[in-house]
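Residues 1437 to 1651, numbered by the numbering used here, are exactly what the sequence shown covers, in order.
Written below as structure tokens is the structure these notes are about.
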Amino acid sequence: MTPLAKLLEAALFAASRPLSLEAMNTLDPESSPAAVSSALDELREHYDVDGHGVELLEQGAGWQILTRAEFAEAIERAQVAVRPQRLSAAALETLAIVAYRQPIGRAEVEEIRGVGVGSVLKSLHERGLIDVVGRSEGVGRPLLYGTTSQFLEQFALRHLEELPRADELAIALRGAGAMAIGPATDVVPVAGSPLPGLPAAGLPVAGSPVMTGVA
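Okay, structure coming up:
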């Protein structure tokens, strides 16, 4: 493929909606509407001739790369299988507490939230967002929980030092609840209303070493 066709392919792949010819013409200052049209023809032929699972289609006033219709049923099955379930407001709040206070035990989370969290911790663990990272040296050596690599991926973080302030994390959690986990809930705190027991800064509290993964 020509460099322009490759550029259009990348832009179309990244776009969440059809791109117009005018928009694609701005990608390369040296291109022209005629060159863009030619590159689109090249790209469409590339997908059709080589039998790819995607195709280039004109959608209204723009163009979009879409999966082929014959694969729709299989794709839907796969999406249903991996589609994350909604997290409750209690789960979102508990997850934020674990994120900032980790490693943290169940009793400490319950003290902060003021309610039992056994079932909530179990749910977060089953979803792969938290894991057991060790045991406390206290009486009974209770389990300690921390966030996982999946938690980092869910919120586009490279490491825990990138955690936002508590109030910003509440908004991020609410957004994830709306987009990836389920509908947003009115009781998730918003900006200016940090979750109880969490530091105002974007780093774990002093004395709470950062731990991730399985001990």
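For every residue, glycine included, the Cβ atom is placed at its ideal position computed from N, Cα and C.
Under a three-way DSSP split, which group does residue 1583 fall into? In the displayed model, residue 1583 falls within a strand according to three-state DSSP.
Beta carbon of residue 1503, beta carbon of residue 1485: below 8 Å? No.
Ordered along the chain, which non-local residues of its own chain (more than five positions away) have a Cβ less than 7 Å from that of residue 1559? Once the five neighbours on either side are set aside, the close Cβ partners of residue 1559 are 1527.
Under 8 Å between C-beta atoms of residue 1566 and residue 1545: Result no, Cβ atoms of residue 1566 and residue 1545 do not sit closer than 8 Å.
Min CB distance residue 1591 to chain B below 8 Å: Absent from the structure is chain B; it holds one protein chain and no more.
Integer Cβ distance of residue 1457 from residue 1472, believed to fall under 8 Å: Confirmed, about 6 Å.
Residue 1476 lies in the alpha helix (DSSP H); which residues open and close that run? 1469-1485 is the extent of the alpha helix (DSSP H) around residue 1476.
Is residue 1503 a contact residue of the ligand FMN, with contact defined as CB to any heavy atom under 7 Å? Ligands in the displayed structure: none, and consequently the ligand FMN is not present.
Limits of the unbroken alpha helix (DSSP H) element including residue 1552: From DSSP, residue 1552 is part of no alpha helix (DSSP H); its letter is neither H nor E.
Where does residue 1453 land, buried or exposed, given buried means 16+ other C-beta within 10 angstroms? It counts as exposed.
Please report the straight-line C-alpha distance between residue 1587 and residue 1561, rounded to a whole angstrom. Between residue 1587 and residue 1561, the C-alpha separation is close to 11 Å.
Drop a sphere of 10 angstroms on the beta-carbon of residue 1541, count the other beta-carbons inside from all chains shown, and report buried for 16 or more, exposed for fewer. With 16 or more Cβ atoms within 10 Å of its Cβ, residue 1541 is classed as buried.
Measure how close the beta-carbons of residue 1477 and residue 1443 come, nearest whole angstrom, since I'm counting them as under 8 Å. Wrong, their Cβ atoms sit about 15 Å apart, outside the cutoff.
Can you tell me whether residue 1545 is helix, strand or coil according to DSSP? If DSSP states are grouped into helix, strand and coil, residue 1545 belongs with the helices.
Buried or exposed: where does residue 1584 fall if 16 or more other Cβ atoms within 10 Å of its Cβ makes it buried? Under this definition residue 1584 is a buried residue.
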